[in-house]
Amino acid sequence: MRASPLLCRTLFAVVILPLAMAGAVRAQDPPIDAAALFDDSRLQEIRLIVNPRDWADLKASFQLNTYYPAHFIWRGQTVRNVGIRSRGTGSRSGVKPGLRVDFNRFDPSQHFLGLKSVVLRNNVQDPSQLHERLAMRLFTQVGLPAPREAHVRLYVNEEYAGLYSVVESIDKAFLADRFGQDNGYLYEYDYDPADLPYRFEYKGPQPSLYSPKPFKPVTHETDPDAQPIADLVRAIAQTSDADFLRVLSGYLDLERFVAHIAVEAFLTDTDGMLGDWGMNNFYLYRFTGTTRAMVLPWDKSEAFKGGVTASIWRNVDDVPPPQRNTLMVRAMREPSLRGVYLDTLLRCADVASAWLEGEVRRTSTQIRDAALADSNAPFSIDEFDAEVGRLLDFARERSDLVRDDVRRSPR
Amino acid sequence: MTRGTAPAVVLMLAAGMPVAAQSIAISDDVRITPTARLDTDVRRAKGSDDVGLDVARRRIGATGAISSHVEFEIEREIDDGWRDAFVNVRATRAVQVRAGHFKVPFSREQLTGAGALDFIDRSRAADLLSPGRSAGVAVHGRVAGRAVGYEAGGFVSDGTRTGLVPGSWSEPTVAGRVTLKPFGLARRGSTRRAKGWTDVELGIAAVTTSLDEGRESFRGRLASKDMFFAPVFVNGRRLRVGGDLDWRPGPFGVRAEFLRADDARQHQGLAGETLPPIRAYGWSMAGVWAVAGRKAHARANDTVAIAGFPGLELTLRTEAVAFGTPGDAGAQVWTPRAALLSTSAERVWTAGVNWTVNRLVRLQANAVHETVVNRSRGAVPPRAGWSPVVRVQIAN
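Order-wise, the sequence lines are chains U and V.
Number 161 in the working numbering belongs to position 170 of the first sequence; there are no gaps in the numbering.
Converting from the second sequence to the working numbering requires adding 52 to each position, the first position being numbered 1.
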């Protein structure tokens, strides 16, 4: 027998709200650090209270970015009146929506554990739901800043909505935590599947050719100052080989750029900086008071999909010139940057040899029951197990294959 | 000039000149009068500081009668659908029945036709809180020697919400309005004339609507259409009540109005709980002075030549409108499902000049000062200071 809507509403009003309000009181207890929210040694649990009609609307209109008010509950702490919306590009889903949670959507002064927002990633493009988390951990282990994340059981109005990942947003809070500054210029690379692939080709000198598309300002939205981006792209196209390192280093941390691509190459990411459809899934941060920027990784659900035997030069020099990333092509002509690229690949191989197989076993065991119970995921538990098996094979074989590839590559 | 303006001008001129040709008699009982109206404003555009040309109304229509007891009226906004399309059956002066698509009776200001307004824009309360046009049936008339007027009817909706299926009873609405000339009543049977006071007319009105669930509460908009109170989720009954006064002694005219509306929010909380209603209220007081006197102004309104000085009127209005939850002390942060919402309010002063050039052309110039208090999240920052608006009305 189904419970009547009136009964459900009454239960929410009588049971859930007082619990939420009690949580709000407990939120005044000594604060827990944000690291606890992203602590991946345990399976986290997050609850959202959303008006049932709003939740139905969000799922029905999952292609829109409409915000809905909600209460966010974690470890008995309640953040009231947060804003949630559907998010993603290829991962958008009306069954298991990916969510963005903005703690300060309706109250600009509201933060939670020092965070302005988090992403609840639905992982619907990855049967193991592990790609993103493993990839970001590898970035961090080789010394590149990357979002923290952990798996989470998500409940919406006390109903299990599925296994998600809670992912740290790349925003001012992230910048302050990693770099001790948050007043620089942050851009999200905003890939639209309808656009032609872009690989740093020079479009012209006007900043408006580069921002707000494809470089969407995340900070300084009303004054995005994209001139340094236009200058960077012009320098890629017009600077002589002799001046390349000196000039380009004024606009971009080139060593981190090639190291970033090296990690993606190790992970055989098909939708990253050298993605099959042009550049995608990164942020660009320009430091306060300078023209120098660095890239930051985002959304690694397509990592591990290029195949364990993928060449480390995939999409670098094995595709026709128009499909090559113009900056990467020029960077690889520089011996020092080429060395950074190959050394980072070797570093990835060393880290992965010691860590990746055990990490796949640990994390897959941690989330398997939650994945099994996730009726909204588009994959069966058999597909989950098969993908975990493939990841274990990858962990066992990839490092040696990459080392061989590096060894064969001229420096 | 935007698309459709030229045909409107042509139709207006065709209908308006010569004067004798306005009304077409088909037979002794059947007559038809084409109508046309073109109102063009010079004002600041929405969300911008740029001043530009805006065609506020481009209407064509007709009024007429098909017998001594049956009248009709149709009017269409070019490019924007039908406005009025109704038949009025007059059994007696006291009992008349109107059926079709027409204004839901509520506010005096809202029921005043575009050509008879003392200001370019209706009062904020009338504009934001009144129902619109809807399909329905109403009984109306005047009794007690025309001292008492009434109108009551049922409508398929309150006419403010777009996207409803035309003609569907999705948001049924019942409306009633009563007007009273107290000194007109007193005068009946008396041979003494209460000079000046017989024109005093009071009105009260109420409208109740059954609202569909949705983010469709009243919303606060400035005259520029920028929003200062964003809509919230509602469900249940919408109840409007109002009262008004109209008095035109000699060359002066005074009009005052108070309107209030409550939107229920059944099961609109985050956990499905019922929230306190959203309350919107507003008032206005306006004065108008026909510089050369009321009779001279009436003659100016009927001339085909240039009326000159007698066509001048000076106007002044003060008003306010506010949105929030009753007893909003301790109001939470604004969300479309917040239990308590702090009051967002607008205060407006308008000073103006009207010049009736002749029976076809009228010029209006208003200076509007809007002040917004505590705008809700998502609303635009208010612009301080006076903003000028000029309107050219051409109508027959």
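Just so you know, even glycine gets a beta-carbon here, dropped at the ideal spot from N, CA and C.
Quick check on DSSP: helix, strand or coil for residue i?
i        : result
U/Thr317 : helix
V/Asp131 : coil
U/Tyr332 : helix
U/Ala13  : For U/Ala13, the predicted model reports a pLDDT of 45, less than 50, meaning its position is unreliable and no value from the coordinates is stated.
V/Ile358 : coil
U/Glu416 : Outside the displayed span of chain U (-8 to 402) sits residue 416 of chain U, for which this structure offers no information.
U/Glu348 : helix
V/Pro224 : coil
V/Phe310 : strand
V/His192 : strand
U/Pro288 : strand
V/Val107 : strand
U/Glu192 : coil
U/Asp309 : coil
U/Lys107 : coil
U/Leu282 : Reading off the sequence shown, one finds Thr at residue 282 of chain U, where the question assumed Leu. Residue state, collapsed to three classes: coil.
V/Lys347 : helix
U/Lys163 : helix
U/Glu255 : helix
V/Val147 : coil
U/Pro88  : coil
U/Val299 : coil
U/Trp46  : helix
V/Val385 : coil
V/Leu392 : coil
V/Ala114 : strand
U/Phe273 : strand
By the criterion of Cβ-Cβ separation under 7 Å, what are the contact partners of residue i in chain V?
i       : result
U/His62 : Leu322
U/Phe97 : Val385, Trp386, Thr387 and Arg429
In chain V, which residues lie with their C-beta within 9 Å of the C-beta of residue i?
i       : result
U/Asn42 : Phe285, His319, Gln320, Gly321, Leu322, Ala323, Gly324 and Arg389
U/Asn72 : Leu322, Gln384, Val385, Trp386, Thr387, Arg389 and Ala390
Which residues mark the beginning and the end of the beta strand (DSSP E) in which residue i is found?
i        : result
V/Ile256 : Glu253 to Gly266
V/Gln445 : Trp438 to Ala447
V/Ser396 : Ser396 to Thr408
V/Glu422 : Val413 to Val425
V/Asp296 : Val286 to Trp299
V/Arg174 : Element bounds for V/Arg174: n/a, residue is neither H nor E.
U/Gln68  : Gln68 to Ser77
V/Glu371 : Leu364 to Gly376
U/Glu179 : Tyr176 to Tyr180
Using a cut-off of 8 Å between C-beta atoms, extract the partners of residue i located in chain U.
i        : result
V/Glu265 : Arg44
Just curious, the alpha helix (DSSP H) that residue i is in, first and last residue?
i        : result
U/Thr131 : His122 to Gln132
U/Leu382 : Ile372 to Arg399
U/Ser240 : Asp232 to Ser240
V/Asp93  : Taken as a continuous stretch (DSSP letters only), V/Asp93 belongs to no alpha helix (DSSP H), being part of the beta strand (DSSP E) at Arg83 to Arg96.
U/Pro219 : Gln218 to Gln229
With burial defined as no fewer than 16 other Cβ atoms inside 10 Å of the residue's Cβ, what is the status of residue i: buried or exposed?
i        : result
V/Ser119 : exposed
U/Asn56  : exposed
V/Trp438 : exposed
V/Pro378 : exposed
U/Asp260 : buried
U/Thr300 : exposed
V/His121 : exposed
U/Leu187 : exposed
U/Glu140 : buried
U/Arg353 : exposed
U/Thr69  : buried
U/Val249 : buried
U/Trp46  : buried
V/Ser79  : exposed
U/Val16  : For U/Val16, the pLDDT reaches just 40, beneath the cut-off of 50, and the residue's location in the model is therefore unreliable, leaving the point undetermined.
Quick test of your reading: residue i and residue j, contact by CB under 8 Å. State the CB separation rounded to the nearest angstrom.
i        : j        : result
V/Thr367 : V/Gly334 : Not really, about 18 Å apart at Cβ, beyond 8 Å.
U/His142 : U/Gln314 : The pair is not a contact, with the Cβ atoms about 35 Å apart (cut-off 8 Å).
V/Gly152 : V/Ala137 : 5 Å
U/Tyr151 : U/Tyr274 : Incorrect: roughly 32 Å between the Cβ atoms, too far for contact.
U/Val393 : U/Leu328 : U/Val393 to U/Leu328, Cβ: 18 Å. No contact.
V/Ser336 : V/Ser175 : 4 Å
V/Gly236 : V/Asp296 : With a Cβ gap of about 16 Å, V/Gly236 and V/Asp296 do not count as contacting.
U/Asn427 : U/Asp290 : Here chain U comprises residues numbered -8 to 402, so residue 427 of chain U is not present and cannot be evaluated.
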